[in-house]
Amino acid sequence: MTTTENHPTPAESTGGDASVTDNVVHLRPQPAPEQQLDADPRAEIEVAPPVIDAELVDETGAGDVTGSVTLVDQPGGDSVHWVRRLRETERLPIVPDYLKTAQEARATAVWVGKHYAHTTAYHGVRVPLYALKLAVRSPLGALMLAAATGRWVLDMEGRPVRSGAAMRQDAEMYLKLSHQRDARVRTRLIVTGAVLVAVTVGVIVLMSVPDLVPSWILWAGGALMAAALGKYGTPADQPVTSRAVVGAQLQKLTSDVVEKALMVLGIAGINQAMSKNARAIGFTAPITRDGPGWRAEVDLPAGVTAAEVLDKRDKLASGLGRPLGCVWPEGRPDVHPGRLVLWVGDQDMSKARQPAWALRKGEKIDLFKPQPFGTDVRGGWVSLTLMYVAGIIGAVPRMGKTFTLRELLLIAAMDPRSELHTFDLKGTGDLSPLEPVSYRYRAGDDPEDLEYALADLRALRDEMRRRTKVIRELPKDLCPESKVTTELASKKSLGLHPVVVGVDECQVWFEHPDYGKEFEEICTDLVKRGPATGIVLVLATQRPDSKSIPTPISDNAILRFCLKVAGQVPNDMVLGTSSYRNGERATTFSFTDKGIGLLKGVTDETKTVKCVYIDAPSAEKIVARCRAVRVTAGRLTGYAAGLDAAVDDVEAADTLLSDLLNVFGSRDKAWSESLVDALVELRPAAYAAWGELSNGAAKATQLAAALKPFSISTKQVWGTDPATGKGANRMGVERTHIADALTERDGKRKRG
Amino acid sequence: MTPRTILTFALVLELTAVTISDHPASGVATLLLTLLAAGYAWSCWAFPFRPCPSCKGSGRHVSSGLFRGVQLCKRCKATGLKLRRGRAIYNALHRHRTRTRRNR
Chain A
1 MTTTENHPTP
11 AESTGGDASV
21 TDNVVHLRPQ
31 PAPEQQLDAD
41 PRAEIEVAPP
51 VIDAELVDET
61 GAGDVTGSVT
71 LVDQPGGDSV
81 HWVRRLRETE
91 RLPIVPDYLK
101 TAQEARATAV
111 WVGKHYAHTT
121 AYHGVRVPLY
131 ALKLAVRSPL
141 GALMLAAATG
151 RWVLDMEGRP
161 VRSGAAMRQD
171 AEMYLKLSHQ
181 RDARVRTRLI
191 VTGAVLVAVT
201 VGVIVLMSVP
211 DLVPSWILWA
221 GGALMAAALG
231 KYGTPADQPV
241 TSRAVVGAQL
251 QKLTSDVVEK
261 ALMVLGIAGI
271 NQAMSKNARA
281 IGFTAPITRD
291 GPGWRAEVDL
301 PAGVTAAEVL
311 DKRDKLASGL
321 GRPLGCVWPE
331 GRPDVHPGRL
341 VLWVGDQDMS
351 KARQPAWALR
361 KGEKIDLFKP
371 QPFGTDVRGG
381 WVSLTLMYVA
391 GIIGAVPRMG
401 KTFTLRELLL
411 IAAMDPRSEL
421 HTFDLKGTGD
431 LSPLEPVSYR
441 YRAGDDPEDL
451 EYALADLRAL
461 RDEMRRRTKV
471 IRELPKDLCP
481 ESKVTTELAS
491 KKSLGLHPVV
501 VGVDECQVWF
511 EHPDYGKEFE
521 EICTDLVKRG
531 PATGIVLVLA
541 TQRPDSKSIP
551 TPISDNAILR
561 FCLKVAGQVP
571 NDMVLGTSSY
581 RNGERATTFS
591 FTDKGIGLLK
601 GVTDETKTVK
611 CVYIDAPSAE
621 KIVARCRAVR
631 VTAGRLTGYA
641 AGLDAAVDDV
651 EAADTLLSDL
661 LNVFGSRDKA
671 WSESLVDALV
681 ELRPAAYAAW
691 GELSNGAAKA
701 TQLAAALKPF
711 SISTKQVWGT
721 DPATGKGANR
731 MGVERTHIAD
741 ALTERDGKRK
751 RG
Chain B
753 MTPRTILTFA
763 LVLELTAVTI
773 SDHPASGVAT
783 LLLTLLAAGY
793 AWSCWAFPFR
803 PCPSCKGSGR
813 HVSSGLFRGV
823 QLCKRCKATG
833 LKLRRGRAIY
843 NALHRHRTRT
853 RRNR
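Protein chains in written order, with the numbering used here: chain A, 1 to 752; chain B, 753 to 856.
Okay, structure coming up:
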C-alpha cells in the first residue's frame, strides 16, 4: 500500500507514536513538512494524483524533464561549408617526388639502371654453376617426367573416385567410371604413342643424316631439353638461381607499434587516457612512406603536448625498436600543441648517404639567395641565406663545429663579391683552406694575432658606420628597405659588398683579460647592426656560456646551429633561452652524430640538419675555384692578394708606447692631456682624431682607453699647466709604466 | 608402405626361406600360395569387381522358354558386377579402421 501526501498512512491515521512512523518507508519522495502545512490541500490533490495501486507511477516528473532539456551535442553532422572543407584538404603531388626535378629523375633512372646491371652481372657470373646444377638434376627430371606421363595415360587422377565406388559397393557408378577411364586411356595411349614414335623417328633421322641441320642447333636443342628436364627435376626448396639482391628488411611502421612506443614513455597523460580508451591516441592521416622512411601523424591524448614526447626521444626509439638516429619526432604547434609528427627513417641519419651537394663545384653563387647548407632527417636540402644574419655555432669538441663554420665560409667564398675575415683562434689551421680568398686571415691566439683581429674589428666598425651613412643617403628607389640588396652589393663604387666574419673558438676573444671588453663591444655592435649593412658575423665556440659568448651577442644572433652539447645550459646558450624546455634538445645527439645539429632561425620550426662533409682537400679545391672566379672578377683583395692592409692599424697600436716614450722626453710623469697634445704634434696622421677632442678630460679618457690593453692605468699626477703656469693635480701617466710595458711586449715578441 | 607392412613381408619371406630349406616340398607350396595370395590381392586392387556369378556379367537372365523372356539380374542389380570377396574383406577392415582410428 502506497501513500500520497494527502492520504495518511494507516500508521499515521491511527495516531501511532514516533517510533511507528519512523518505520514507514515512503515509496515516493515526501515534500518537507512545512510545505505540506503551507500548501492548499485542494491544490495538492490536483497536482499529485492518488495512487491506487502499490506500483509507483511517476508520469509528471518525466514529462517535465524532457520539455526543458538542451542537448550538449547538437544533432547533425559536419556543419562546415563545403567550400571551406575543400580548402582544408591537402593536395597530393601530381608528379611523384622522385620525378619532380630533372636531376632527381636522372638520379632515380641511374639508380634503377645500376640495380638491374648488378642483377645481370651477378647471374652472369653464376651461369656455369646454374648449368651444372641443371645437368645434375636432369636425369631425375626425366624420370619424373616419365612417371607423370604414365600417371596421365593411366588416368590415375580418377582412381580415388573409382576406389570409392568400390568401397561403397556401388557397382553401377563403378561401371560408368570404368568406361570413362577406358575411353580416356585409349586416346591418351594413342597420343603418347604417336609423340613417342615421332620423337624417336626424328632423333634417328637427325642422328643418321649428318648435315640435315647445323650441329650447333642439335647441341643447343639438346642442352635446352636437358635444362628443361633439370628444371623439372628441381625440388621447390632448392632453386637453381640464387638471389642477387636481398630485400631490405624494413619493418613497417604501424599504428600499433606507434601506440605501444608512446605508452612506454611513462607519460602519465598518455597511459591514463589509453587505459580508459584504447583509441585515445588518434591518427590524423594514414601512416605513409615519406622519403626514406615512414611518417605518422599522431594526435596525442588531451592534455599531453608534443614537447613531452620530444623530451623522451631515446625512450621512443627504444619503444619502436629502432636506432636513435632513425627516430625523429616533431611537434606541430601551428596545428595544436598535441599534434606530433613522427618520422621514422630506414637508416640512421649519421649513416645514411647524403645526396651530392649542389655547391661542391665552387661555382659562382649569390649570397643574397638561399643556398643549400645541409640535409634534414628526410634527406631533403635545407637552404639558408647567409646575408642579414649573425650566427652562432656551438658544440662539444670533435662534433664538427669547425667543419660547419668552414662550410659556411666556403659558401660565402663562392660569392666573389664577399669579403672574408677568417679568424682561427684554435690555431690548428682548420680554416687554412680559406686563406687564398680571405681578406683578413689569422690562425692562432698570440697577442699579435689578437691585436690584428682587434684592429680589423675596429676597422669593421668604422666600415659599418660608413655603410649606414651610405645606405641612409641612397635614394629610396635604389634602396627601398634601408638595407643592402644584391644589386647594391654588386656596385663596386658603393662598397656595400657582403662582409663575412668567421671566428672559430671565439671565447678566446671574449675571455681575453685586456681586449675582451672591446671585442665584446664591437661584436655586439656588429651582431646588432651588421646584418642590415651586409656584415655577417659567425661565431663558433665549444663552450657556450655567458663568458664565451656574451649574452648581448647570443641574444641578438639570428642563425643558431647547435651540434651535440653536454647539457641544458650550453643548449639554451646556443639555441636561446628555454629552448631546452620547449623540446629543442641538442643533448640527445649521440657522439656518432657528427655534423648533425639543430638549426634555428632559418625556418619557423627548429630543424635537425646534417651538414655537408667537406674535408680539407676538397675545401682547398673549392677555394681554388673561388679564387679563380675572384681573380677574373677583379675581386681579390686584402690578405689573399698579398695586401694585408691591416698592418698599418696594428702599427698604430704598436707605436703608441714608443711615441709616448718619445713625447715624455726627460719627464718622469706627465698629464694625459699634455701627452695627447704632444702625440698629435708628433704624428698628426695617426692621432688627428684625438686632437679634435674638446677638452683635457676627454683627451685623458681617450688615452686611458688606449693604454688599457697594455694594463697601464692613469692616475692623479702633479704637473704644471704650460698655458697658465699654475701647478695642479690631473690624470696622467708615469714614464716607468710605459717603459715597462714596452720592454715586456718586446720581450714577448722576441720569444714568439 | 608402413614399417609394419614391410616387417610382415620380411617375416613371410623368412618363413618361406626357412621352410624351403627344411622341407622343400611344403616350402614350394608355401611360396606358390604366397604368390597366389599376392596375385589375388593385386586383382582386388586393380579390379575390385568381378562378373556377377549369377548372370555371368550380363546383368540379366534370359529364360529358356518359348518367348525368351528377359529378366534383370537381381543379385547384381543389372550391373553384371559383383564385388570380390577379398575386396569386401578389405573394405570392411578399412571401414573398421577409419571408424576406430583416434587421430586421422
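All C-beta atoms, glycine included, are put in the ideal place defined by N, C-alpha and C.
> Any C-beta of chain A sitting closer than 8 Å to the C-beta of residue 831 of chain B?
Replying inline: For residue 831 of chain B, the answer is yes, since a Cβ of chain A falls inside 8 Å of its Cβ.
> Whose Cβ in chain A lies nearer than 9 Å to the Cβ of residue 828 of chain B?
Replying inline: Contacts between residue 828 of chain B and chain A, judged by CB atoms closer than 9 Å, involve 171 in chain order.
> With DSSP run on the structure shown, which of helix, strand or coil describes residue 91 of chain A?
Replying inline: The answer is coil: DSSP assigns residue 91 of chain A none of H, G, I, E or B.
> Comparing alpha-carbon positions, which option in A/683, A/336, A/362, A/689 lies nearest residue 660 of chain A?
Replying inline: A/683
> According to DSSP, is residue 375 of chain A helix, strand or coil?
Replying inline: strand
> So the alpha helix (DSSP H) residue 216 of chain A belongs to, where does it begin and stop?
Replying inline: 215–232
>> What would DSSP say about residue 365 of chain A, mapped onto helix, strand or coil?
In response: coil
> Which residue from B/820, B/811, B/846 puts its Cα closest to that of residue 829 of chain B?
Replying inline: Nearest of B/820, B/811, B/846 to residue 829 of chain B, Cα basis: B/811.
>> For chain B, check one thing: does any of its Cβ atoms lie closer than 8 Å to the Cβ of residue 154 of chain A?
In response: no
> What residues in the region 175–203 of chain A bring their beta carbon closer than 8 Å to a beta carbon of chain B?
Replying inline: 175
> Who pairs with residue 732 of chain A in a beta bridge, going by DSSP?
Replying inline: Partner(s): A/671, A/715.
> Taking residue 154 of chain A as the reference, which of A/539, A/282, A/182 has the closest Cα?
Replying inline: A/182
> What is the DSSP secondary structure of residue 504 of chain A, reduced to helix, strand or coil?
Replying inline: Per DSSP, reduced to three states, the secondary structure at residue 504 of chain A is strand.
> Between residue 304 of chain A and the rest of its own chain, which residues show a CB-CB distance below 8 Å, the 5 nearest in sequence each way excluded?
Replying inline: 267, 269, 270, 273, 338
>> Bridge partners for residue 611 of chain A per DSSP, in chain order?
In response: A/374
> For residue 562 of chain A, which residues does DSSP report across the bridge?
Replying inline: A/394, A/598
>> Can you give me the C-alpha to C-alpha distance between residue 637 of chain A and residue 427 of chain A, rounded to a whole angstrom?
In response: A straight-line Cα-Cα distance of about 23 Å links residue 637 of chain A and residue 427 of chain A.
>> Quick check: the Cα distance between residue 289 of chain A and residue 601 of chain A, rounded to an integer number of angstroms?
In response: So the alpha carbons of these two residues sit roughly 28 Å apart.
>> For residue 758 of chain A, tell me which candidate among A/111, A/671, A/89 has the shortest Cα-Cα distance.
In response: A query on residue 758 of chain A cannot be resolved here, the shown segment of chain A reaching from 1 to 752 and no further.
>> Looking at residue 342 of chain A: is its Cβ nearer than 8 Å to the Cβ of residue 323 of chain A?
In response: no
> In this structure, does DSSP put residue 61 of chain A in helix, strand or coil?
Replying inline: Summary for residue 61 of chain A: the model assigns pLDDT 47, below 50, so the residue's position carries little reliability, and this model does not support an answer.
> Does residue 236 of chain A come within less than 8 Å of chain B when only Cβ atoms are used?
Replying inline: no
> Using a threshold of 7 Å, is the CB atom of residue 148 of chain A nearer than that to any non-hydrogen atom of the ligand FAD?
Replying inline: As for the ligand FAD, it is missing from this structure, which has no ligand bound.
>> At the 8 Å Cβ level, is residue 835 of chain B part of the contact set with chain A, yes or no?
In response: yes
> Around the Cβ of residue 646 of chain A, are there at least 16 other Cβ atoms within 10 angstroms (buried) or fewer (exposed)?
Replying inline: Residue confidence for residue 646 of chain A is low, a pLDDT of 45 falling below 50, so the modelled location carries little weight; the figure read from the coordinates is stated next. Residue 646 of chain A is buried by the Cβ-count criterion.
> I think residue 243 of chain A touches residue 588 of chain A, with their Cβ atoms under 8 Å apart; what is that distance to the nearest whole Å?
Replying inline: Rounded, the Cβ-Cβ distance is 38 Å, inconsistent with contact.
> Under 8 Å between the Cβ atoms of residue 399 of chain A and residue 594 of chain A?
Replying inline: yes
> Whose Cβ in chain B lies nearer than 8 Å to the Cβ of residue 166 of chain A?
Replying inline: 800, 801, 835, 839, 843
>> To the nearest angstrom, how far is the alpha carbon of residue 838 of chain B from that of residue 185 of chain A?
In response: 26 Å
>> Less than 8 Å between the beta carbons of residue 741 of chain A and residue 657 of chain A, yes or no?
In response: yes
> Is it right to say residue 156 of chain A is buried, meaning 16 or more other beta carbons lie within 10 angstroms of its own, or is it exposed?
Replying inline: exposed
>> Would residue 97 of chain A pass as an interface residue toward chain B - the criterion being a Cβ-Cβ separation below 8 Å?
In response: no
> Based on Cα-Cα distance, which residue from A/523, A/533, A/565 lies nearest to residue 555 of chain A?
Replying inline: A/523
> Thinking C-beta only, is residue 386 of chain A closer than 8 Å to residue 574 of chain A?
Replying inline: no
> If we ignore side chains and look at the alpha-carbon of each, how far apart do residue 754 of chain B and residue 251 of chain A end up?
Replying inline: 46 Å
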